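Chemist: Residue numbers (our numbering): 1 to 281.
First, the structure itself, so that you have it in front of you.
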C-alpha cells in the first residue's frame, strides 16, 4: 500500500526482516530509522515522513501493527531486539552508501540502548551508525510510570488501567496528551503491551544512574554521534545525564538538550526536524 505525497513522492508500506514499516525514499546521504514508543507504531512518524524529502524508514514492532491480528503470543523483548537488529542490518545492506541514523522515542530509545548491547554481547559487527538519537530514554524505573502501570495490569481486562492512566494526569496539558495517546493504544492487543512493559521494566534498576551511564557508553561505541533530547519533566535527571556524557567524549560526540516540550511533543514533526537537522544530508 502506498500513500501519495505529490507527483514525485510516495510512502511505501513494506516488510523488512519480519517487521512492517513505512518508508519515504529520497536521494539523500542518510537513511533515518525510527523506533516508536510503547503501544505506538510507525504511523506516529507519518507527519515527518510526509513533509521531509529525506530517506526515512519508520518501523513497527511485531504485534503493534495498527490493523494487526490480535491474539498472537506476546513477543518478548529479546525477540524484538533481534528483529530490529536484523532489520537495521537489512537496511544497511540495501543502502550501503548511506549513513545510518537511528532515532528512538521512549521505549524506542531503550531499544537503541539495547541494540548497542546486543551488538556488543553477541560479538557481532554493528552496522556503521552515523548518529543515535534518544528521545526521552528511560534512566531508571522512576521514568517508567506508564510501563509500570501496564506491567501490573490484567492483560485480559485493560479498561481499568486505561481509566487509571487518564486519571494520572497532573495538569490539563498532560491530560490532553494522554487523551491523544489512549486512542492509539486501545485498539492494540494489550497482551503484547503488557508483556513488553514487564520486560522493559525488568531491564532497569529502580533508581540510580549507573546502568544508564554504562548503556550510554555502549551506544557511544557504535555511533559516531549520540544526541539525547529530553522533555521538560526530565529536568531532575539532566545533571546525571550530563555526568554520563562526560565519561564518553563529552559534548564533541554526545550532546543533550532539555526542551520545554511534553513527552509526546518530542515526536512532533517540527521537533523531529530540528533534532535531526545536524545529521541530515
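By construction, the Cβ of each residue, glycine as well, lies at the ideal position given by its N, Cα and C atoms.
The structure presented is a predicted model; accordingly, all values stated were derived computationally and were not measured.
Threshold first: 4 residues or longer. Then list the alpha helix (DSSP H) segments lying entirely within the segment 167 to 239, N to C.
Modeler: Within the segment 167 to 239, the complete alpha helix (DSSP H) runs of at least 4 residues are 172 to 185, 190 to 202, 210 to 222.
Chemist: State the start and end residues of the unbroken alpha helix (DSSP H) segment that holds residue 117.
Modeler: In the chain shown, counting from the first residue as 1, residue 117 sits at position 117. Its alpha helix (DSSP H) spans residues 107 to 121.
Chemist: Would you say the segment 114 to 128 touches the segment 6 to 26, given that touching needs at least three Cβ pairs under 8 Å?
Modeler: Short answer: they don't touch.
Chemist: Taking just the CA atoms, how far does residue 171 sit from residue 126?
Modeler: Taking the chain shown and counting its residues from 1, the one referred to as residue 126 is at position 126. Taking the chain shown and counting its residues from 1, the one referred to as residue 171 is at position 171. Cα-Cα distance, rounded: 43 Å.
Chemist: Rounding to the nearest angstrom, what Cα-Cα distance links residue 268 and residue 47 in this structure?
Modeler: Position 268 of the chain shown holds residue 268. Position 47 of the chain shown holds residue 47. Residue 268 and residue 47: Cα-Cα distance of roughly 8 Å.
Chemist: Exposed or buried, which one is residue 19 when buried takes at least 16 other CB atoms within 10 Å?
Modeler: Residue mapping note: residue 19 aligns to position 19 of the chain shown, counting from 1. Buried, by the Cβ-count rule.
Chemist: Taking residue 255 as the reference, give the member of 33, 240, 229 with the closest Cα.
Modeler: Against the chain shown, residue 255 aligns to sequence position 255. Residue 229 is the option with its Cα nearest to residue 255.
Chemist: Thinking just about the alpha-carbon of each residue, which of 57, 80, 39, 103 is nearest to the one in residue 276?
Modeler: Here residue 276 is taken as the residue at index 276 of the chain shown, counted from 1. Closest option to residue 276, Cα to Cα, is 103.
Chemist: Quick check: what's the CA-CA separation for residue 8 versus residue 135?
Modeler: Taking the chain shown and counting its residues from 1, the one referred to as residue 8 is at position 8. Taking the chain shown and counting its residues from 1, the one referred to as residue 135 is at position 135. Residue confidence is low: residue 8 scores 45 on pLDDT, short of 50, so the model does not pin down where it sits. No coordinate-derived value is stated.
Chemist: Quick one: what's got a C-beta closer than 6 Å to residue 116's C-beta in the same chain, skipping five residues either side?
Modeler: The residue given as residue 116 occupies position 116 in the chain shown. Around residue 116: 218, 219, 222.
Chemist: With distances taken between CB atoms, is the gap from residue 84 to residue 49 smaller than 8 Å?
Modeler: The sequence position of residue 84 within the chain shown is 84, counting from 1. The sequence position of residue 49 within the chain shown is 49, counting from 1. No, they are not a contact pair.
Chemist: What did DSSP end up calling residue 72 once you bin it into helix, strand or coil?
Modeler: Within the chain shown, numbered from 1, the residue matching residue 72 stands at position 72. Reduced to three states, the DSSP call for residue 72 is coil.
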